[in-house]
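Going left to right, the sequence shown walks through residues 360 to 853 as my numbering numbers them.
Think of the CB as a built atom: it goes at the ideal place given N, C-alpha and C, for glycine as much as any other residue.
Notes follow once the structure below has been shown.
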Amino acid sequence: MTAATTALSQRLRPVLAAIFLGAAPALVAIPAHARGPEGIADVAEKVIDAVVNISTSQTIEAKGGDGHGTMPQLPPGSPFEEFFDDFFKNRKGKGGELLPHKTNSLGSGFIIDPSGIVVTNNHVIADADEINVILNDGTKIRADIVGIDKKTDLAVLKFKPPHPLTSVKFGDSDKLRLGDWVIAIGNPFSLGGTVTAGIVSAKNRDISSGPYDSYIQTDAAINRGNSGGPLFNLDGEVIGVNTLIISPSGGSIGIGFAVPSKTVASVVSQLQQFGELRRGWLGVRIQTVTDEIADSLNIKPARGALVAGVDDKGPAKPAGIEPGDVIVKFDGKDVKDPKELSRVVADTGVGKEVDVVLIRKGQEETHKVMVGRLEDNDKPQPAAMKKDEPADKPVTQKALGLDLATLSKDLRSKYKIKDSVKGVLITGVDGASDAADKRLSAGDVIVEVAQEAVSSAADIKKRLDELKKNGKKSVLLLVSNADGELRFVALSVQ
360 MTAATTALSQ
370 RLRPVLAAIF
380 LGAAPALVAI
390 PAHARGPEGI
400 ADVAEKVIDA
410 VVNISTSQTI
420 EAKGGDGHGT
430 MPQLPPGSPF
440 EEFFDDFFKN
450 RKGKGGELLP
460 HKTNSLGSGF
470 IIDPSGIVVT
480 NNHVIADADE
490 INVILNDGTK
500 IRADIVGIDK
510 KTDLAVLKFK
520 PPHPLTSVKF
530 GDSDKLRLGD
540 WVIAIGNPFS
550 LGGTVTAGIV
560 SAKNRDISSG
570 PYDSYIQTDA
580 AINRGNSGGP
590 LFNLDGEVIG
600 VNTLIISPSG
610 GSIGIGFAVP
620 SKTVASVVSQ
630 LQQFGELRRG
640 WLGVRIQTVT
650 DEIADSLNIK
660 PARGALVAGV
670 DDKGPAKPAG
680 IEPGDVIVKF
690 DGKDVKDPKE
700 LSRVVADTGV
710 GKEVDVVLIR
720 KGQEETHKVM
730 VGRLEDNDKP
740 QPAAMKKDEP
750 ADKPVTQKAL
760 GLDLATLSKD
770 LRSKYKIKDS
780 VKGVLITGVD
790 GASDAADKRL
800 SAGDVIVEVA
810 QEAVSSAADI
820 KKRLDELKKN
830 GKKSVLLLVS
840 NADGELRFVA
850 LSVQ
C-alpha cells in the first residue's frame, strides 16, 4: 500500500465509522440556509389577524343583446338552454326583460390602526355599492371609504371595530435587498387567510401601468383575490401592497408586483388627513434623454429629464426653467430619468421651495422653485411661443432626410397649423432616414436647431453646416406638432 493510499484510508475511516454506527444522515443534511427562514410561521402567527378580506357588491343594470334588457336567445335544443333558464329565471320581469342584479367581488386588505383603518387596492372597491370587511375570525362589518388614489391604485377604508383589533405597521421598503425573504397574506380565489413566501425579485420596477410605477417584484405566490393584501418582511412589517400579477393563465407564475410601503405610507397619510391626494407639481412636460440627445447637449453620461415644454401657469415658468433644460437633481435627489422626476416631484409637499439643478447649454445651473399642486384634471399645456413677423415666401430645401419649407399662410392652412406655432415646416420625410425612424412626419414644424430658433429652411441648412464643421455627430431639434405640443428629437448629421 502506497503512502497516498494509506493517507486516504485514514481520512475515510471516520466517515465509514459514522455510516456503520448509523450516523450517515448527518452527512446529507440540508444546510439551514437552503431550508428557508425559520421565522415565517412566527411572522404569520403574529400578523394574520390584521389581514382582512374585502367583500364588495355592485348593482348591474342588465341588458340583452338588443340593448333593451331582454334575455339572450339560444338555439332550440342547445345544451346550455337549461343553464340559461336557471340563471335568468330569477332575473326576469313580467315582460321577460332582465332585472337589475348584484355582482360580488373579493379582495384583501390589512388593518393599520386598531380604530378600524384598512388599506387595500382601489380596484378592489371601485364602483362598489357596498363594502364589507371580513376579519380573520369571520366577523363581517360594513366599511366606508376614507379616500382613494387611482394613480397608485390605493384606497383607505374605515369600519367600527366589534372588538379589539390587531394592526400592523409599515416598514422601510427602501431597505429591501434583492433576495430578501417576503411573506404575502391574503384571500386568493376566495380561500382567505392564505400565507405564501418568496423573495424580492426586483425593485423599482416600471411596468407602464401608471405615472408613478416603482413596484417591488416578488415570486411569493400572488393570485386573484390577493389584491390589496400586505407583503411583509421577516420583522412582520408591511413593506408593500400586493397589486397585480403577470400571468397568461390568471394564476401565479412567480411574477407579482407590490406598491412599496414608502409610497403607500405617504398616500395613506394624505388620504387620512385630507381625503384626497395633494401631489407636488412643477409645470413642465418632460421626455427621456437618449444617448443621441445627451451627445448633442454635451451631457455625459445620459441622465436626467429633458424639458420639452413649460406651462405658462406653472411653478417652473417664474423660476426660469426653459425648454431644452435637462433637470438632473430635484430637492437634493438625483434624477436619472423622467419617471424618477415625476415621482419625486409628486412626493414633494405643496408650497415647499426646492432647489432644481439643471444643465443648460452644457453648464450646470441651480434654480429655486416653489412647488405647486397637481390638479388631476389639468392637462399639460404646450409652451407658449412668441409671435414673429410674417413668414417669407416658401423656400424648399432638403436636409436630414427631410423636405423643408418656410411656413406660409397657405401651408399653415393646408396642414392646420396653429398661428402660435413658428418655425420651419416638414413637408416630406425619406422613409429610409433617421428622421423616419424618429417618427417625424409631414406637418411637423422644426422650432429650434441646436437650441437656436429657426424661421426658414436656409436657417436650418446654415446651422447644420456649422455643426458638421465643429465635428458634431448629431443635432437636437425642437419639434412642434400642428397644435403646438413640443418634443425634442436628436438626428444624426452624418
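**Asp-714 versus Ile-686: straight-line alpha-carbon distance, rounded** = Here the question's residue 714 lines up with position 355 in the sequence shown. Here the question's residue 686 lines up with position 327 in the sequence shown. For Asp-714 and Ile-686, the distance between alpha carbons rounds to 11 Å.
**Asked** Hey, out of Val-648, Ile-504, Asp-512 and Val-848, whose CA is closest to Lys-618's CA?
**Response** In the sequence shown, residue 618 corresponds to position 259, counting from 1. With the sequence shown as reference, residue 618 is identified as Val, and Lys is not the correct amino acid for it. It is Asp-512.
**Asked** For chain B, is any of its Cβ atoms less than 8 Å away from the one on Gly-830?
**Response** No chain B is present in this structure, which holds just one protein chain.
**Item:** Start and end residues, beta strand (DSSP E) containing Asn-480
**Value:** The residue labelled residue 480 in the question sits at position 121 within the sequence shown. 476-480 is the span of the beta strand (DSSP E), which, as asked, contains Asn-480.
**Request:** Consult DSSP for Pro-619 and reduce its assignment to one of helix, strand or coil.
**Result:** Translated into positions along the sequence shown, residue 619 becomes position 260. Pro-619 falls in the strand class under three-state DSSP.
**Asked** Of all the options Leu-537, Asp-508 and Asp-654, which has the alpha carbon lying nearest to the alpha carbon of Lys-831?
**Response** Here residue 831 is taken as the residue at index 472 of the sequence shown, counted from 1. Residue Asp-654 is the option with its Cα nearest to Lys-831.
**Three-state secondary structure assigned by DSSP to Leu-823** = Here the question's residue 823 lines up with position 464 in the sequence shown. In the structure shown, Leu-823 sits in a helix (DSSP, three-state: H, G or I).
**Prompt:** If we ignore side chains and look at the alpha-carbon of each, how far apart do Ser-833 and Ser-567 end up?
**Reply:** Locating residue 833 in the sequence shown gives position 474, where the first residue counts as 1. Locating residue 567 in the sequence shown gives position 208, where the first residue counts as 1. Cα to Cα, the separation comes out at about 29 Å.
**Request:** May I ask you to verify whether the segment 603-610 touches the segment 700-713, counting CB pairs closer than 8 Å and requiring at least 3?
**Result:** no
**Item:** Bridge partner(s) assigned by DSSP for Asn-563
**Value:** As a position in the sequence shown, residue 563 is number 204, starting the count at 1. Bridge partners of Asn-563: none, in fact.
**Asked** In its own chain, which residues sit with a C-beta less than 8 Å from the C-beta of Leu-590, not counting the 5 before and 5 after it?
**Response** As a working mapping, residue 590 is identified with position 231 in the sequence shown. Taken in chain order, the residues that qualify are Val-541, Ile-542, Ala-543, Ile-575, Thr-577, Ala-579, Val-597, Ile-598, Gly-599, Val-600, Asn-601 and Ala-617.
**Asked** Name the DSSP bridge partner or partners of Ile-686?
**Response** The residue you call residue 686 lines up with position 327 of the sequence shown. Bridge partners of Ile-686: Ala-664 and Leu-717.
**Glu-734 classed as buried or exposed, judged by whether at least 16 other C-beta atoms fall within 10 angstroms** = If you number the sequence shown from 1, residue 734 lands on position 375. Exposed.
**Asked** Nearest CA to the CA of Ile-484: which residue from Arg-501, Gly-475 and Asn-495?
**Response** Along the sequence shown, one-based indexing puts residue 484 at 125. Of the listed residues, the one whose Cα sits closest to Ile-484 is Arg-501.
**Asked** Does DSSP classify Pro-570 as helix, strand or coil?
**Response** Position 211 of the sequence shown, counted from the first residue, corresponds to residue 570. Pro-570: coil per DSSP, three-state reduction.
**Asked** Which residues does DSSP pair with Asp-706 in a beta bridge?
**Response** Position 347 of the sequence shown, counting from 1, holds the residue named residue 706. Answer by DSSP bridge pairing: none, since Asp-706 is not bridged.
**Asked** What separation, rounded to the nearest whole angstrom, lies between the Cα atoms of Ala-514 and Pro-521?
**Response** As a first step, residue 514 is located in the sequence shown; it is residue number 155 there, counting from the start. As a first step, residue 521 is located in the sequence shown; it is residue number 162 there, counting from the start. The straight-line gap from Cα to Cα measures roughly 22 Å.
**Request:** Starting from Arg-798, trace the beta strand (DSSP E) both ways and give me its first and last residue.
**Result:** As a first step, residue 798 must be located in the sequence shown, where it is residue number 439. First-last for Arg-798: undefined, no H or E at that position.
**Message:** With a threshold of 7 Å on Cβ separation, who are the neighbours of Asn-840 within its own chain once the five nearest residues in sequence on each side are excluded?
**Reply:** Within the sequence shown, residue 840 is the residue found at index 481, counting from 1. Excluding residues within five positions, the ones whose Cβ falls inside 7 Å are Asp-803.
**Item:** Neighbour-count burial assignment, Leu-835, 16 or more Cβ in a 10 Å radius
**Value:** Locating residue 835 in the sequence shown gives position 476, counting from the first residue. That one is buried.
**Request:** Going by CA-CA distance only, name the one from Ile-718, Arg-719 and Phe-689 that's closest to Ala-705.
**Result:** As a first step, residue 705 must be located in the sequence shown, where it is residue number 346. Per the Cα distances, Phe-689.
**Request:** Give the DSSP-derived three-state secondary structure of Ser-586 in the structure shown.
**Result:** Locating residue 586 in the sequence shown gives position 227, where the first residue counts as 1. Correct three-state label for Ser-586: coil.
**Prompt:** Mapping DSSP to helix, strand and coil, what is Glu-844?
**Reply:** For the purposes of this step, residue 844 is taken as residue 485 along the sequence shown, with counting starting at 1. Residue state, collapsed to three classes: coil.
**Asked** What are the boundary residues of the beta strand (DSSP E) that Ala-502 is part of?
**Response** Here the question's residue 502 lines up with position 143 in the sequence shown. Looking at the DSSP string, the run of the beta strand (DSSP E) that includes Ala-502 is 499-508.
**Request:** Keeping to the same chain, check which residues put their C-beta closer than 7 Å to that of Val-788; ignore five residues upstream and five downstream.
**Result:** To locate residue 788, count along the sequence shown from 1; it is residue 429. Counting only Cβ-Cβ distances below 7 Å, and skipping sequence neighbours, we find Gly-760, Leu-761, Ala-794, Ala-795, Leu-799, Ser-800 and Ala-801.
**Request:** Just mark Asn-491 as buried or exposed, buried being the case when its beta carbon has 16 or more other beta carbons within 10 Å.
**Result:** In the sequence shown, the residue the question calls residue 491 occupies position 132. Counting Cβ neighbours within 10 Å, Asn-491 comes out buried, since at least 16 surround it.
**Spatial distance of Gln-756 from Val-852 (CA atoms)** = Here residue 756 refers to the residue found at position 397 of the sequence shown. Here residue 852 refers to the residue found at position 493 of the sequence shown. Approximately 16 Å between the Cα atoms of the pair.
**Prompt:** Asn-582 to Gly-588, Cα distance in whole Å?
**Reply:** Here residue 582 corresponds to residue number 223 of the sequence shown, with the count starting at 1. Here residue 588 corresponds to residue number 229 of the sequence shown, with the count starting at 1. If I take the Cα positions, the gap works out to 11 Å.
**Message:** Quick check: the segment 526-536 against the segment 632-646, are at least 3 beta-carbon pairs closer than 8 Å?
**Reply:** no
**Asked** Which stretch, first to last residue, makes up the alpha helix (DSSP H) that contains Ala-881?
**Response** Not covered by the structure: residue 881. The range shown for the chain is 360 to 853.
**Prompt:** Straight-line CA distance for Val-627 to Gly-468?
**Reply:** Position 268 of the sequence shown, counting from 1, holds the residue named residue 627. Position 109 of the sequence shown, counting from 1, holds the residue named residue 468. Rounded to the nearest angstrom, the two C-alpha atoms are 13 Å apart.
**Message:** Short of 8 Å in beta carbon distance, which residues of its chain neighbour Phe-379, apart from the five on each side in sequence? Order them along the chain.
**Reply:** Position 20 of the sequence shown, counted from the start, is the residue given in the question as residue 379. Unreliable placement is indicated for Phe-379, whose pLDDT of 48 sits below 50; no coordinate value is reported for it.
**Item:** Within 8 Å, strictly: CB atoms of Thr-815 and Val-783
**Value:** For the purposes of this step, residue 815 is taken as the residue at position 456 of the sequence shown. For the purposes of this step, residue 783 is taken as the residue at position 424 of the sequence shown. The sequence given here has Ser at residue 815, not Thr. Yes, the pair counts as a contact, with Cβ atoms nearer than the cut-off.
**Message:** Give me, in chain order, the residues of the same chain whose beta-carbon lies closer than 6 Å to that of Thr-725; leave out the 5 immediate sequence neighbours on both sides.
**Reply:** Here residue 725 corresponds to residue number 366 of the sequence shown, with the count starting at 1. Within the same chain, Thr-725 has close Cβ partners Asp-714 and Val-716.
**Prompt:** Between which two residues does the alpha helix (DSSP H) harbouring Asp-654 extend?
**Reply:** Reading the sequence shown from its first residue, position 295 is the one you call residue 654. Segment 650-655, the alpha helix (DSSP H) holding Asp-654.
**Request:** Could you tell me which residues DSSP puts in a beta bridge with Gln-646?
**Result:** Counting from one through the sequence shown, the residue named residue 646 turns up at place 287. According to DSSP, which records beta bridges pairwise, Gln-646 is partnered with Leu-665.
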